[in-house]
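Just below is one structure, and these are the notes that go with it.
Protein chains: 2
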Amino acid sequence: MADNQRPGEFELIERYFAPLAGPGGLGLLDDAGLLRPGRGYEVVVTADALVAGVHFFPDDPPAAIGWKALAVNLSDLAAKGAKPEGFVLTIALPRNWTEGWLKDFAAGLGRLAQQAGCPLIGGDTVSTSGPLTLSITAFGAVPAGRMVRRAGAKPGDVVLVSGSIGDGALGLKVHGPDKPGWVAALDDGQRGFLADRYLHPQPRTTLAEALQRHASAAMDISDGLVGDLAKMLKASRVGAEIDLDAVPLSGPARAALMADPALAELAWTGGDDYEILCTAPEGEYSSLIAAAAEHAVPLTPIGRIVSGAGAVRYSGKGAAQGFAHGSFSHF
Amino acid sequence: MADNQRPGEFELIERYFAPLAGPGGLGLLDDAGLLRPGRGYEVVVTADALVAGVHFFPDDPPAAIGWKALAVNLSDLAAKGAKPEGFVLTIALPRNWTEGWLKDFAAGLGRLAQQAGCPLIGGDTVSTSGPLTLSITAFGAVPAGRMVRRAGAKPGDVVLVSGSIGDGALGLKVHGPDKPGWVAALDDGQRGFLADRYLHPQPRTTLAEALQRHASAAMDISDGLVGDLAKMLKASRVGAEIDLDAVPLSGPARAALMADPALAELAWTGGDDYEILCTAPEGEYSSLIAAAAEHAVPLTPIGRIVSGAGAVRYSGKGAAQGFAHGSFSHF
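Chain order of the listed sequences is A and B.
Going letter by letter, the first sequence gives residues 3 to 333 in the numbering used here.
Going letter by letter, the second sequence gives residues 3 to 333 in the numbering used here.
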């Protein structure tokens, strides 16, 4: 129950969430919202829950929490080749929530919703005796039968990743309360870049159409490249040969690895990349790279799909060390 | 993180949730599910979050918790005139979850999903330091432009409710830990009926088509008849004249009110009915009643819509007492 200093459920929705609603949200005044996929389109549906203390720090900037809650869902839609159409939010507010917190949260959420053209169409607001808990279900449109699957990778396909890998996991160390020694070796700009990559992941929405046209399989990298690649290979029942030296790293990530070479494993296995892992047939991958480049998103080939379900052969400098941690898990 | 005695996230999904998945869930092996509305149909989207200790007792039977989490969403779809098509579930499991709990939860959830023809198409499983938290987003299909709104009630329309009112709120008292004196005046069958109405609400899915054809406005009653009627009147910018003596009560509810006449207010204002409140024009309401009767669902006229935004005039025995509590709030 809200106390006298705070708005009730309906004022709260009217003040902070109704401004994020699209036409399908019906002003958040009804029991339901509407999705109207165009003729010949299907609706891609994805859902992610985030819990304070598990997926983010409870005292993270509320605008960053709002941004990230939607970003991780938009990242899934992008990987599936889908254009964002809308989302619903359920939010369980802890006892000590404040109106200022909620206002900033809604502002961060709304900023990405507007940027991505993905309005709020419904949701629910409840209270909890536990930590802040968010659940977003996001909707995207794809031409019927064209959703990009995890299971489509074929032997001979080229394996590619978008952007740079490892920034999110390194950024978590930079941003978190216990900063390792190597953080001091970075300059302010490098620290800021990595922390921002953790706090404000940029969903690769602009890649959706290129993936839908040229990719044989795709997923977003949320639990680390190594672990998510293993999931894709398992779903596709194929193996891969990956050149770790080809995995793209940002300048700040390279600086961190120079300070502590053991961080390479964190970059390859840590979570929170929100980049795209995809495969494309030999005859398609250069078109895919070119289409991505039109949106200023680099796509880098890092290996090949081979036969042999689930088997990965890593080459390159870090290959000998193995991966002690495997996939990152938020569970 | 799961300990050694419990399945990990992927085993858990494979063992307990994949069996609930429909074709659009893609075996819960991808990052997203698919909705394929038929040509000329729109997707109605509704979401409800439930928190242990707020919406249900933490030690309620897990199968009942699973049933209810889906039921409250299907109730919204029914009120909107939509046929259930699928749902996504995000679940935040508390530290002390057990495999047995989860198995029973999934069984209760799956029983209603199967009965309603509403398969699981995706979701997310995370851990929390707080109470069990569930969020379900459910999808239904309506012919384009035919979703039944809250805002469609017009002066002269007849106001109707489905089933019987107040059983859920009375059932909460019967089921809860602090049993009031009147509970002892009921027999076992009456107590069982009311508790079951609280634990296993029956969404009025079979009413959807009749509402979509004949109703001018509808919503489900989740926060009490009096409070939810006020919301409908506000959205429709109309008033109503309601005969409280006409509000349908079940036999066990009548027995409770005989034992303690003051319970009438609880019946009219308490939550957890999951019945349908609707309006229909003079020329349509008998067709609506007849269509509902084909599915063995009684619809009872309880009053009329009048002009005058938000004004309700209650008549009947309880009308003089006023409503001290107004709408029930889970927030």
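By construction, the Cβ of each residue, glycine as well, lies at the ideal position given by its N, Cα and C atoms.
For residue i, which three-state DSSP category applies?
i, result
"GLY276 (chain B)", "A small fix is needed here, since residue 276 (chain B) is Tyr in this sequence, not Gly. Coil at TYR276 (chain B), not helix or strand."
"PRO9 (chain A)", "coil"
"GLU87 (chain A)", "strand"
"PHE141 (chain A)", "strand"
"MET234 (chain A)", "helix"
"VAL47 (chain A)", "strand"
"PRO96 (chain B)", "strand"
"VAL150 (chain B)", "coil"
"ILE167 (chain A)", "coil"
"PRO203 (chain A)", "coil"
"ARG315 (chain A)", "strand"
"VAL53 (chain A)", "strand"
"ALA248 (chain B)", "helix"
"PHE59 (chain A)", "coil"
"GLY158 (chain A)", "coil"
"ALA23 (chain B)", "strand"
"ALA282 (chain A)", "strand"
"LEU172 (chain A)", "helix"
"LEU196 (chain A)", "helix"
"ALA4 (chain A)", "Reliability fails at ALA4 (chain A), whose pLDDT of 40 lies under 50, so the model's placement of it is uncertain and no value is given."
"LEU134 (chain A)", "coil"
"GLY42 (chain B)", "coil"
"ASP190 (chain A)", "helix"
"LEU31 (chain B)", "coil"
"GLY183 (chain A)", "helix"
Excluding the 5 residues preceding and the 5 following residue i in the sequence, name in chain order all residues of the same chain whose CB lies nearer than 6 Å to its CB.
i, result
"ARG315 (chain B)", "GLU243"
"ALA232 (chain B)", "none"
"TRP69 (chain A)", "GLY110, LEU114 and HIS202"
"ALA81 (chain A)", "ALA220, MET221, ASP222 and ILE278"
"ALA261 (chain A)", "TRP184 and ALA187"
"HIS177 (chain B)", "ALA197 and TYR200"
"PRO254 (chain A)", "GLN192, PHE195 and LEU196"
"ASN6 (chain A)", "Bear in mind that the predicted position of ASN6 (chain A) carries a pLDDT of just 49, short of 50, making it unreliable; the figure below should be weighed with that in mind. Closer than 6 Å at Cβ, skipping near neighbours: no residue."
"SER252 (chain B)", "SER166 and ASP169"
The alpha helix (DSSP H) spanning residue i covers which residue range?
i, result
"GLU211 (chain A)", "210–216"
"PRO254 (chain B)", "253–261"
"LEU104 (chain A)", "101–118"
"SER77 (chain A)", "64–81"
"LEU265 (chain A)", "265–271"
Could you please give the first and the last residue of the uninterrupted beta strand (DSSP E) stretch that includes residue i?
i, result
"SER129 (chain A)", "122–130"
"TRP37 (chain B)", "Correcting the residue identity first, residue 37 (chain B) is Leu in this sequence and not Trp. Per DSSP, LEU37 (chain B) belongs to the beta strand (DSSP E) from 35–37."
"SER289 (chain A)", "From DSSP, SER289 (chain A) is part of no beta strand (DSSP E) but of the alpha helix (DSSP H) over 287–295."
"GLU243 (chain B)", "241–245"
"LEU301 (chain A)", "301–308"
"ALA219 (chain A)", "219–223"
Name the chain C residues that come within less than 8 Å of residue i, Cβ to Cβ?
i, result
"THR207 (chain A)", "In the structure shown, chain C does not exist; the protein chains are A and B."
Excluding five sequence neighbours on each side, which residues of the same chain lie with their C-beta closer than 7 Å to the C-beta of residue i?
i, result
"VAL160 (chain A)", "THR281, ALA282, GLU284, TYR287, PRO303 and ARG306"
"LYS105 (chain A)", "TYR18"
"ARG148 (chain B)", "GLY83 and GLN214"
Quick one, which of the options has its alpha-carbon nearest residue i's?
i, options, result
"LEU95 (chain A)", "A:ALA212, A:ALA73 and A:VAL128", "A:VAL128"
"ALA258 (chain A)", "A:ALA219, A:ILE167, A:GLY310 and A:THR100", "A:ILE167"
"ASP245 (chain A)", "A:GLY10, A:VAL163 and A:LEU37", "A:VAL163"
"MET221 (chain B)", "B:GLY154, B:ASP247 and B:LEU265", "B:GLY154"
"TYR200 (chain A)", "A:ALA71, A:GLY320 and A:GLY310", "A:ALA71"
"HIS57 (chain A)", "B:LEU301, B:SER131, B:THR271 and B:LEU268", "B:SER131"
"ALA248 (chain A)", "A:LEU209, A:PRO205 and A:LEU301", "A:LEU301"
"PRO250 (chain B)", "B:TRP270, B:ALA264 and B:ASP262", "B:TRP270"
"LYS85 (chain A)", "A:SER77, A:MET234 and A:LEU28", "A:SER77"
"SER289 (chain B)", "B:SER317, B:ALA298 and B:ALA212", "B:ALA212"
"THR208 (chain A)", "A:GLU296, A:GLY124, A:LEU30 and A:ILE123", "A:GLU296"
"GLY40 (chain A)", "A:PHE59, A:GLY125 and A:GLU87", "A:GLU87"
"PHE89 (chain A)", "A:PHE59, A:LEU36, A:ILE67 and A:TRP103", "A:LEU36"
"ALA266 (chain B)", "B:ASP225, B:ALA311 and B:GLY320", "B:GLY320"
Could you pull out every residue in the same chain whose Cβ sits closer than 8 Å to the Cβ of residue i, ignoring the five residues on either side in sequence?
i, result
"PHE12 (chain A)", "none"
"ARG152 (chain B)", "ALA219, ALA220, MET221, LYS233, MET234, ALA237 and SER238"
"ALA73 (chain A)", "LEU114, HIS202, PRO203, GLN204, PRO205 and TYR276"
Count the CB pairs spanning the segment 231–246 of chain B and the segment 165–177 of chain B that are closer than 8 Å, and state whether there are at least three.
-> no
Take every Cβ of the segment 264–279 of chain A, pair it with every Cβ of the segment 188–195 of chain A, and state whether three or more of those distances are shorter than 8 Å.
-> With a cut-off of 8 Å, the segment 188–195 of chain A and the segment 264–279 of chain A do not count as touching, because too few Cβ pairs lie within range.
Would the segment 49–61 of chain B and the segment 120–138 of chain B be scored as touching if the rule is three or more Cβ pairs under 8 Å?
-> Between the segment 49–61 of chain B and the segment 120–138 of chain B, the count of C-beta pairs closer than 8 Å reaches three or more; the two stretches touch.
Please determine if the segment 40–48 of chain A and the segment 107–125 of chain A are in contact, where contact requires at least 3 C-beta pairs separated by less than 8 Å.
-> no
Validate contact between the segment 60–67 of chain B and the segment 138–148 of chain A using beta carbons, cut 8 Å, 3 pairs = Because the criterion of three Cβ pairs below 8 Å is not met, the segment 60–67 of chain B and the segment 138–148 of chain A do not touch.
Validate contact between the segment 98–108 of chain B and the segment 19–34 of chain A using beta carbons, cut 8 Å, 3 pairs | no
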